[in-house]
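Chemist:
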Amino acid sequence: MTTFAIGDIEVQAVVERIDLAGLPHRDFPDAVPEALAPYRAWLEPAAICPRSGELIMPVQTYLVRTGHHTILLDTCIGNHKTIPSTPDAHMCEGSPLLLKLAAAGVQAEEVDFVMCSHMHYDHVGWNTKLLDGRWVPTFPNAKYVFARAELDAAAAEAGGEDKVYEESVLPVIEAGQAVIVEMDHQLDDNIWLEPTPGHTAGHVAFRLRSNGADGVMTGDLIHCPMQLPHPEWSPSFDYDPAMGGVTRRSFLDTYCERDVLVMTQHFPLPSIGHITGRGDGFGFRYAGSDLVHN
Ligand SMILES: [Zn+2]
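Quick note, the sequence shown lines up with residues 0 to 293 if you use numbering that gives the first Met the number 0.
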């Protein structure tokens, strides 16, 4: 786990797993080998495996402790989920996430809020767990904060082979634990939502602020460092790839060379740092000495 502070807020990045996520052009059609060639030396070995050429992508949650609340930002893949479209994630068992949260001093009962950037399988998985054959909220005392536009889009896509909505979202609503908000909702003085649509219709980022310090959790508005020099490289599974590209460039412009700690979901570890200017595009300066690893 990696621990850091944003003012008086304590944040821990808790990793569920690290995946080899296919060759770059499998999901990012623009990232053909010739286009990627100028960046290979920069991307290997952390972001691209030198041996297989595949993207290296962690799956993680951010455990946020403000003076008032214990909050999870996104909830990884979870156990036993029906995701046949992604065989590596389908019917997984043995996710260490709850054990790791316990090691960080947080029992499931102690989580006050669960916030989801969007409703893809690797961001809502631990929203629920199987109990006696039924899906129930994993965090029994938490309010789950869902953006209305994202919820509506996920509900509209329900009924397919993957059961993300049915298994990881609907049971939370049925348990009465969902709080449905607009895409710019402010939870309190420390944390609020920022609309970042494109990857999904209702995708949001999370802004954190305390005592003059700032952070932002990206969700999947950006997936991997190769999108820094090419913000227009959107994955083929985006809801609206063109909008995703516009949102990503706007985000990178906004946070470039600013004292805002950027917490990504899928950049190689440690997945946090600062957006920098680099040539015509952007770069990333990974956080270092201000982090505690254990
Ligand atoms: Zn993701």
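Virtual Cβ for every residue (Gly too), placed ideally from N, Cα, C.
Would DSSP call D151 helix, strand or coil?
Modeler: Reduced to three states, the DSSP call for D151 is helix.
Chemist: Hey, quick one: how far does the alpha helix (DSSP H) through L96 stretch, first residue to last?
Modeler: Taken as a continuous stretch (DSSP letters only), the alpha helix (DSSP H) holding L96 covers L96 to A102.
Chemist: Going along the chain, which residues of its own chain have a beta-carbon closer than 6 angstroms to the beta-carbon of I70, five neighbours each way excluded?
Modeler: Excluding residues within five positions, the ones whose Cβ falls inside 6 angstroms are V63 and F112.
Chemist: Give the residues whose C-beta lies closer than 5 angstroms to at least one heavy atom of ligand 1, in chain order.
Modeler: This criterion selects D121 and D219.
Chemist: How is the alpha helix (DSSP H) around T253 delimited, first residue to last?
Modeler: Note, T253: alpha helix (DSSP H), P240 to Y254.
Chemist: Taking only three categories from DSSP, how would you classify Q296?
Modeler: The structure shown has nothing for residue 296, since the chain only spans 0 to 293.
Chemist: Cα-Cα, which of F283, Q106, D73 and T137 is closest to A174?
Modeler: Checking every option, the nearest Cα to that of A174 belongs to T137.
Chemist: Going by Cα to Cα distance, which pick from Q11, E53, V245 and G243 is closest to V105?
Modeler: Selected option, being the one with the closest Cα: Q11.
Chemist: Could you tell me how far apart the beta carbons of Q59 and V13 are, in whole angstroms, since I believe they sit closer than 8 angstroms?
Modeler: Yes, they are in contact, since the Cβ atoms of Q59 and V13 sit about 6 angstroms apart, within 8 angstroms.
Chemist: Per DSSP, D213 is paired with what?
Modeler: According to DSSP, which records beta bridges pairwise, D213 is partnered with R208 and V259.
Chemist: Out of E53, I190 and V171, state which residue places its alpha-carbon closest to the alpha-carbon of Y61.
Modeler: For the residues E53, I190 and V171, the minimum Cα distance to Y61 belongs to I190.
Chemist: Using a Cβ-Cβ cut-off of 6 angstroms (strictly less than) and excluding sequence neighbours within five positions of G6, which residues of its own chain qualify?
Modeler: S209, N210 and A212.
Chemist: Could you say if the stretch 152-159 and the stretch 31-43 meet the contact criterion of at least three C-beta pairs nearer than 8 angstroms?
Modeler: No contact exists between the stretch 152-159 and the stretch 31-43.
Chemist: What does DSSP give as the partner residues of R64 in its beta bridges?
Modeler: Per DSSP, E9 and T69.
Chemist: Let me know the secondary structure DSSP gives E53 once reduced to three states.
Modeler: E53: coil per DSSP, three-state reduction.
Chemist: Tell me the DSSP bridge mates of A177?
Modeler: Answer is Y143.
Chemist: Relative to the alpha-carbon of D29, which residue among A286, P228, D258 and I271 has its alpha-carbon at the smallest distance?
Modeler: D29 has its Cα closest to that of P228, out of A286, P228, D258 and I271.
Chemist: Three or more C-beta pairs under 8 angstroms: does that hold for the stretch 244-258 against the stretch 268-286?
Modeler: The answer is yes - the stretch 268-286 touches the stretch 244-258, with three or more Cβ pairs under 8 angstroms.
Chemist: Would you mind sorting G201 into buried or exposed? The rule is 16 or more other CB atoms within 10 Å of its CB.
Modeler: Answer is buried; the Cβ neighbour count reaches 16.
Chemist: Which one or two residues does DSSP pair with W191 in a beta bridge?
Modeler: Partner(s): Q185 and R206.
Chemist: What residues are listed by DSSP as bridge partners for K128?
Modeler: The partner list for K128 (beta bridge, DSSP) reads V135.
Chemist: What residue ranges within the stretch 8-43 form continuous alpha helix (DSSP H) runs of no fewer than 4 residues, ordered along the chain?
Modeler: Here the runs fully enclosed are 23-26, 32-35 and 39-42.
Chemist: Among R133, L192 and D187, which one has its Cα closest to the Cα of R147?
Modeler: Closest by alpha carbon: L192.
Chemist: I172 bridges to which residues according to DSSP?
Modeler: Paired residues: none, contrary to the question.
Chemist: Cβ of E166 within 7 angstroms of Cβ of K80?
Modeler: Result yes, Cβ atoms of E166 and K80 sit closer than 7 angstroms.
Chemist: Taking Cβ to Cβ, would you say Y120 is nearer than 7 angstroms to V163?
Modeler: Contact flag set, yes.
Chemist: Cβ of H117 within 7 angstroms of Cβ of G244?
Modeler: Going by C-beta atoms, H117 is not nearer than 7 angstroms to G244.
Chemist: Alpha carbon to alpha carbon, how far is D239 from T199?
Modeler: So the two alpha carbons sit approximately 7 angstroms from each other.
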